[in-house]
Amino acid sequence: MPQQPLVSIDAVPFIVVDDSLHVITARRQWDPFIGQYALPGVLLNAHERLNEAVARALADKAGVTEKVTPQLVAVFDDFERDERGPTLSMAHLVILSHMPEDENVAAEPLLNLPVLPFDHNAIITRTAAMLLDSLWINQEVTRALLGEQFTTADVVARMKELAVAAGRPEPVMNNVGRALATNKSVAKLPAVAVGTGRPPARWQWAENA
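With our numbering applied, the sequence shown covers 37 to 245.
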């Protein structure tokens, strides 16, 4: 590899599985770390836009075909991060709605991640912090994370998971329901009884949101 750093585009795919956040990883086909699971990534080609490289990484490495809108998280510039030589990583958050159908793909619980190659654990930590800070500020990201319909408990669960993964104190949750009630981007749905307890408050995105 040349001494001038190459540019790696790493996708950080989050997905909700069994009511908890997971990260999609893919089995590496080449050295270094061949056979180990890592974030899907590719080297940026000449005349290739960043979003195109993210889509290529997701499709080629993890079999992801659904359309996503990548969000740049940060640039990781430790020249020792890749044993092959200096490589900058431009990490991008993507939120998936469907589990890829690929035998070389795994969904790792965000709060119980294995040790991943390169600096991918640090990348995921930074991504969790970025996503937490983006909630309700970036409506597109929030909507992708929560889905078209969600409960107050879903919002609380996602915030807690992201805070723990980012190494931050647990956010104050007392006013989440009140904040949703005053948010013009969402509308409250009729309660649906579940068992004998109080039904959870349910929400959907407003038509003009």
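Each residue gets a CB set at the ideal place from its N, CA and C atoms; glycine is no exception.
- By the neighbour-count definition (other C-beta atoms within 10 Å, threshold 16), lysine 97 is a buried residue.
- Where glutamate 119 is concerned, there is no enclosing beta strand (DSSP E), because DSSP gives it neither an H nor an E.
- For leucine 75, no beta strand (DSSP E) run applies, since DSSP gives it neither H nor E.
- Comparing alpha carbon positions, the residue from Leu75, Arg64, Pro76, Val111 closest to leucine 42 is Val111.
- Put simply, of Leu124, Glu84, Asp114, Leu132 the residue whose alpha carbon is nearest the alpha carbon of threonine 105 is Leu132.
- Per DSSP, aspartate 46 lies in no alpha helix (DSSP H); the unbroken beta strand (DSSP E) holding it starts and ends at 42-53.
- Each residue's CA atom was taken as its position, placing valine 48 and leucine 225 some 32 Å apart.
- Taking a contact to require three or more Cβ pairs closer than 8 Å, the stretch 231-245 and the stretch 188-204 qualify as touching.
- Going by DSSP, arginine 63 is part of no alpha helix (DSSP H) but of the beta strand (DSSP E) stretching over 56-63.
- In this chain, valine 111 is not harboured by any alpha helix (DSSP H); it is covered by the beta strand (DSSP E) spanning 107-112.
- For methionine 209, the CB contacts under 8 Å within the same chain, skipping 5 residues up- and downstream, are Val192, Met195, Lys196 in chain order.
- With contacts defined by Cβ atoms closer than 7 Å, leucine 75 and aspartate 46 form a contacting pair.
- Here the stretch 136-149 makes contact with the stretch 55-71; the two share three or more CB pairs at distances below 8 Å.
- DSSP places serine 125 in the strand class (E or B) of the three-state scheme.
- Inclusion of glutamine 240 and alanine 229 in the CB contact set at 7 Å is not warranted, their separation being larger than that value.
- If you draw a straight line from the Cα of arginine 64 to the Cα of proline 145, it comes to about 19 Å.
- The continuous beta strand (DSSP E) containing arginine 238 extends over residues 238-241.
- Fully enclosed beta strand (DSSP E) runs of no fewer than 3 residues occupy 185-187, 222-225 of the stretch 153-237, in order along the chain.
- Collapsing the DSSP output to three states places valine 104 in coil.
- Secondary-structure assignment with DSSP links valine 130 through a beta bridge to Pro49.
- Cβ neighbours of proline 207 within its own chain (closer than 6 Å, five residues either side excluded): Met195, Ala199.
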